[in-house]
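Working notes for the structure below.
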Amino acid sequence: MNALLLIFSLLIQLNRVDILLPMTGPLSPIGKDMFDGIKMGVGRTKVELHLWDTKGNPGKVYEEAVKITGKEPSLIVGPLTSLNVASLLRVVEDYDIPVVSPLARDLSLIDEYDFYYPFAGKYYYELKEEMRFVVNILGYYNFAFIMPSTSSGYSLMEQARKFSLMYGVRIVFQDFYDPEGTDFSELVDRLNSVDVEAIFIPYCDEGSYILAGQIRASENFTPIFGLESWSKRAINRGLGTIDRVLIASLPIDYRVEIQRETSLKRFEEAFNDIFGRPPSRYNIIGYDIGRLIRTLSKQDGLATSEAAVRVLNSMGIFHGLYEDILLSRDERFITFYLVKTGKLQKLREEDYGYLKVAQKTP
Numbered sequence: 000m001n002a003l004l005l006i007f008s009l010l011i012q013l014n015r016v017d018i019l020l021p022m023t024g025p026l027s028p029i030g031k032d033m034f035d036g037i038k039m040g041v042g043r044t045k046v047e048l049h050l051w052d053t054k055g056n057p058g059k060v061y062e063e064a065v066k067i068t069g070k071e072p073s074l075i076v077g078p079l080t081s082l083n084v085a086s087l088l089r090v091v092e093d094y095d096i097p098v099v100s101p102l103a104r105d106l107s108l109i110d111e112y113d114f115y116y117p118f119a120g121k122y123y124y125e126l127k128e129e130m131r132f133v134v135n136i137l138g139y140y141n142f143a144f145i146m147p148s149t150s151s152g153y154s155l156m157e158q159a160r161k162f163s164l165m166y167g168v169r170i171v172f173q174d175f176y177d178p179e180g181t182d183f184s185e186l187v188d189r190l191n192s193v194d195v196e197a198i199f200i201p202y203c204d205e206g207s208y209i210l211a212g213q214i215r216a217s218e219n220f221t222p223i224f225g226l227e228s229w230s231k232r233a234i235n236r237g238l239g240t241i242d243r244v245l246i247a248s249l250p251i252d253y254r255v256e257i258q259r260e261t262s263l264k265r266f267e268e269a270f271n272d273i274f275g276r277p278p279s280r281y282n283i284i285g286y287d288i289g290r291l292i293r294t295l296s297k298q299d300g301l302a303t304s305e306a307a308v309r310v311l312n313s314m315g316i317f318h319g320l321y322e323d324i325l326l327s328r329d330e331r332f333i334t335f336y337l338v339k340t341g342k343l344q345k346l347r348e349e350d351y352g353y354l355k356v357a358q359k360t361p
C-alpha cells in the first residue's frame, strides 16, 4: 500500500504547476481575480496548482522562486509586473522551466530567458518580422516610430531601437502620443518636416486611429506599419478610410472570432452564476491561463518541464477568450495583411508596389 501511495504522490508531483500572484497587498484584487479565473479554466483537470503569494514585492518573488525551483515544477505562471518577472527569471535562468506571464509588458525580458512566454510577446515578434520585411523586401531604411505613451509603448520603442541596429536602419523620427488624444497637429507637422520611408504606429487605439487619419489628411501618404491590434480595429470599425496600412498579425480566422464571442458569453454566464457578478478583465485572462494549463495537461505537456516547453512551442498560437497568444518564438506564425482601397486583405507579392508610393505632397 505504501508503494502505491508513493507512486501516486510522484505522479501528482509530475503534474505540478506553480503560480506566483499577489494575494495580499495593493495588487491583491488583481491576483485574486486572476486565480479565480485560473481555477475555473483548469476545471477538473488533474493538475496540482501551488499558489505562492508574491505580495507584489520583487524580494518576495525572489524568495519564493528559490523554493519553487527545488520542487521541479513543470510550469510557472506569473508573477504580474515586469519588475517581479525579472526577479523570477534571475532565479530560474539556470533551469528549463517554462514561465508564462499574463500581464508583464517589458518585452526586453524575452531576450533574457529562452523559456519565457509573455502574453504580450506577439508584439515583439510581429515588430521584428515586420521591420525585417520592410528592410529586406521593400528596401526602406528611414523609419518613423510613433508609440503610445504607455508602458507597452515605451517598451516597444526600446525594442524598435534594438531592431534598427540589427537591420542597419535609421530612426529619423520618434515620438509618443496620448492614446486618448484627439488633436495631433503638432506631431503631424513635426513628422512632415522629415523625410521618412516608413511610419510605424504599432498599436491601434482611439488615439492612433485619429492620428493616422490626420497624417493622411495632411497629404502624407507614406505607408503606415502596424501590429495585430490594427487588424482587429480594422475589422470592427472599418479601417477603409486609412489606406496603405500594412499589418503584421497572427492569422485572422473569422471562425475563431465567432467562436471566441460565443465562448466568452458562456463564460460570463457561468461566472455570474458562481460569483454573482460579471467577470473582470483579470478573471477572463486567468481563465485563459487555466484553459492553457488544461490543454497542456491533455497533451501530456505537464509530465516534465521539457514536455511543457515542447507542447507550448508546438501549439504556436493559443486562442484565448481575451486575445490570441503567440507561444512559439517562430516568426513563421506571423502573417501580413494590407488595407487597400477600403478592404483588409492578405498581402500578396503584387501588392508590394502599392506600398511604394510618393510620401507627401510638398
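In numbering that gives the first Met the number 0, the protein residues as written are 0 to 361.
Positions of the beta carbon are idealized from the N, C-alpha and C atoms, including for glycine.
Here the structure is a predicted model, which means the values were calculated and not measured.
Start and end of the alpha helix (DSSP H) containing Val133? Indexing the sequence shown from 1 puts residue 133 at position 134. Segment Gly120 to Asn135, the alpha helix (DSSP H) holding Val133.
What is the DSSP secondary structure of Leu87, counted as helix, strand or coil? To locate residue 87, count along the sequence shown from 1; it is residue 88. The answer is helix: DSSP assigns Leu87 an H, G or I state.
Among Ile209, Thr23 and Thr44, nearest to Gly289 - alpha-carbon criterion: Working through the sequence shown from its first residue, we reach residue 289 at position 290. Closest option to Gly289, Cα to Cα, is Thr44.
Paired residues, beta bridge with Gly225 - DSSP: As a working note, residue 225 is residue 226 in the sequence shown. Answer is Ile246, bridged to Gly225.
Could you have a look at Tyr321 and say whether DSSP puts it in helix, strand or coil? Counting from 1 along the sequence shown, the entry for residue 321 is found at position 322. Coil at Tyr321, not helix or strand.
What whole-angstrom Cβ distance do Tyr61 and Ser27 have, given they're in contact under 8 Å? Within the sequence shown, numbered from 1, the residue matching residue 61 stands at position 62. Within the sequence shown, numbered from 1, the residue matching residue 27 stands at position 28. That pair is no contact at about 19 Å.
What residue range is occupied by the uninterrupted alpha helix (DSSP H) comprising Ser313? The residue you call residue 313 lines up with position 314 of the sequence shown. Ser304 to Met314 is the extent of the alpha helix (DSSP H) around Ser313.
When the Cα atoms are used, what is the spatial distance from Leu219 to Met39? Counted from its first residue, the sequence shown places residue 219 at position 220. Counted from its first residue, the sequence shown places residue 39 at position 40. Note on residue identity: the sequence assigns Asn, not Leu, to residue 219. One C-alpha to the other measures close to 50 Å.
For the alpha helix (DSSP H) that Phe270 lies in, which residues bound it at each end? Locating residue 270 in the sequence shown gives position 271, where the first residue counts as 1. Its alpha helix (DSSP H) spans residues Tyr253 to Phe274.
Taking the alpha-carbon positions, what's the Ile134 to Tyr140 distance? Within the sequence shown, residue 134 is the residue found at index 135, counting from 1. Within the sequence shown, residue 140 is the residue found at index 141, counting from 1. According to the sequence displayed, residue 134 carries Val and not Ile. So the alpha carbons of these two residues sit roughly 6 Å apart.
Among Gly120, Pro222, Gln213 and Gly212, the one whose alpha carbon lies nearest that of Phe194: Within the sequence shown, numbered from 1, the residue matching residue 194 stands at position 195. Looking at the sequence provided, one finds Asp at residue 194 rather than Phe. The shortest Cα separation from Asp194 among Gly120, Pro222, Gln213 and Gly212 belongs to Pro222.
Please report the straight-line C-alpha distance between Ile324 and Leu301, rounded to a whole angstrom. Within the sequence shown, the letter at position 325 stands for residue 324. Within the sequence shown, the letter at position 302 stands for residue 301. The alpha-carbon separation between Ile324 and Leu301 amounts to approximately 19 Å.
Using 10 angstroms around the beta-carbon of Arg243, count the other beta-carbons present and answer buried if the total reaches 16, otherwise exposed. Position 244 of the sequence shown holds residue 243. Counting every other CB atom within 10 Å of its CB across the protein chains shown gives Arg243 a total of 16 or more, marking it as buried.
Should Thr360 be labelled buried (16 or more other beta-carbon atoms within 10 Å of its own) or exposed? Counting from one through the sequence shown, the residue named residue 360 turns up at place 361. At Thr360 the pLDDT is 48, less than 50, meaning the model places this residue with poor confidence and gives no usable figure here.
Pairwise C-alpha distance: Ile246 and Leu343: Taking the sequence shown and counting its residues from 1, the one referred to as residue 343 is at position 344. Taking the sequence shown and counting its residues from 1, the one referred to as residue 246 is at position 247. Distance from the CA of Leu343 to the CA of Ile246, rounded to the nearest whole angstrom, comes to 10 Å.
When we look at the beta-carbon of Ile18 and count the other beta-carbons within 10 Å, is it buried (16 or more) or exposed? Reading the sequence shown from its first residue, position 19 is the one you call residue 18. Ile18 should be labelled buried.
Where the beta strand (DSSP E) containing Pro117 begins and where it ends: Counting from one through the sequence shown, the residue named residue 117 turns up at place 118. Where Pro117 is concerned, the enclosing beta strand (DSSP E) starts and stops at Tyr115 to Pro117.
Buried or exposed by the 16-neighbour rule on C-beta atoms within 10 Å, applied to Leu4: Against the sequence shown, residue 4 aligns to sequence position 5. Caution is warranted here: a pLDDT of 43 is assigned to Leu4, below 50, making its placement in the model unreliable, and the coordinate value is therefore given only provisionally. Burial check for Leu4: the Cβ neighbour count within 10 Å stays below 16, so the residue is exposed.
Hey, Leu320 and Ser262: beta-carbon distance below 8 Å or not? To locate residue 320, count along the sequence shown from 1; it is residue 321. To locate residue 262, count along the sequence shown from 1; it is residue 263. It is a contact, given that the beta carbons lie within the stated cut-off.
With contact counted as at least three CB pairs below 8 Å, one residue from each stretch, are the segment 48–64 and the segment 301–313 in contact? Touching, no, given that fewer than three Cβ pairs across the two stretches are closer than 8 Å.
Examine the Cβ distances between the segment 336–354 and the segment 307–322 and report whether three or more of them are shorter than 8 Å. Too few Cβ pairs lie closer than 8 Å, so no.
If we count the other Cβ atoms within 10 Å of its Cβ and call it buried at 16 or more, is Asp366 buried or exposed? The first residue shown for the chain is 0 and the last is 361, placing residue 366 beyond what the model contains.
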